[in-house]
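In our numbering, the protein residues as written are 30 to 268.
Glycine included, C-beta positions come from ideal geometry on N, C-alpha and C.
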């Protein structure tokens, strides 16, 4: 049986045309295609208010992908907003943090990507660097200008980890973030770092498959076929 994979979605407001001002719920198509290519059935999860609806999401789905998106409100992890903080949607943040909390009450697999990895960390009590200018050591560019599927920088992988078991000691990834994990959430360990020391992946050993990654593997499936193995590993764990 193909597992049903819940994919978190985001809000946006139409800024032009006849539907200007209309609010939309969306997710990039790359996530849907990645799930289909690796043997799962994608199910988009619109942000809903109400614990019962979120609990029903968790009951129905066999696994979950937390998709990328905007910045998380730093007030939710006890920090004062930084001058370079970008637009936030506190309501969306709170709903998705509740979703993560409910998922983690189970042992259902969770793959958290970019914002999703940061959300996972915050849900477990961790904090974020709100901008790379806040990092207390020299960092490379982490928001590439190259096409989204291109490799941009290498990450070093921990051998006894999910990505390490798939890719060995090193992996070339793309990069589209101006924030990163600072203090680790409870139960997480770092399993990938960039050469400048920025955290690129975290994993929970308390669950069968809970992985947060800072890069966007769903965007790399054409240029880097090896990324499909990560989604296949995730889908297999959902069966």
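Quick check: the Cα distance between residue i and residue j, rounded to an integer number of angstroms?
i, j, result
"residue 96", "residue 45", "25 Å"
"residue 210", "residue 254", "27 Å"
"residue 40", "residue 249", "24 Å"
"residue 91", "residue 205", "28 Å"
"residue 30", "residue 268", "7 Å"
"residue 232", "residue 247", "18 Å"
"residue 64", "residue 245", "14 Å"
"residue 190", "residue 62", "25 Å"
"residue 32", "residue 167", "43 Å"
"residue 130", "residue 235", "14 Å"
"residue 124", "residue 239", "19 Å"
Reducing DSSP to helix, strand and coil, say where residue i ends up.
i, result
"residue 88", "helix"
"residue 227", "coil"
"residue 107", "coil"
"residue 186", "strand"
"residue 59", "helix"
"residue 43", "coil"
"residue 265", "helix"
"residue 71", "strand"
"residue 180", "coil"
"residue 166", "coil"
Is the Cβ-Cβ distance between residue i and residue j less than 7 Å?
i, j, result
"residue 169", "residue 225", "yes"
"residue 76", "residue 121", "yes"
"residue 89", "residue 37", "no"
"residue 114", "residue 100", "yes"
"residue 68", "residue 227", "no"
"residue 266", "residue 136", "no"
Taking residue i and residue j to be in contact with their CB atoms under 8 Å, please state how far apart those CB atoms are, rounded to whole angstroms.
i, j, result
"residue 151", "residue 214", "7 Å"
"residue 159", "residue 103", "6 Å"
"residue 35", "residue 93", "5 Å"
Under 7 Å Cβ to Cβ from residue i, same chain only, skipping five residues before and after it: list those, please.
i, result
"residue 43", "49, 50, 51 and 53"
Excluding five sequence neighbours on each side, which residues of the same chain lie with their C-beta closer than 8 Å to the C-beta of residue i?
i, result
"residue 66", "250, 257 and 260"
"residue 229", "184, 202, 221, 222, 223, 242, 243 and 244"
"residue 132", "87, 93 and 139"
"residue 109", "103"
CB-CB under 6 Å to residue i, same chain, minus the five flanking residues each way: which ones, in chain order?
i, result
"residue 128", "83"
"residue 164", "158"
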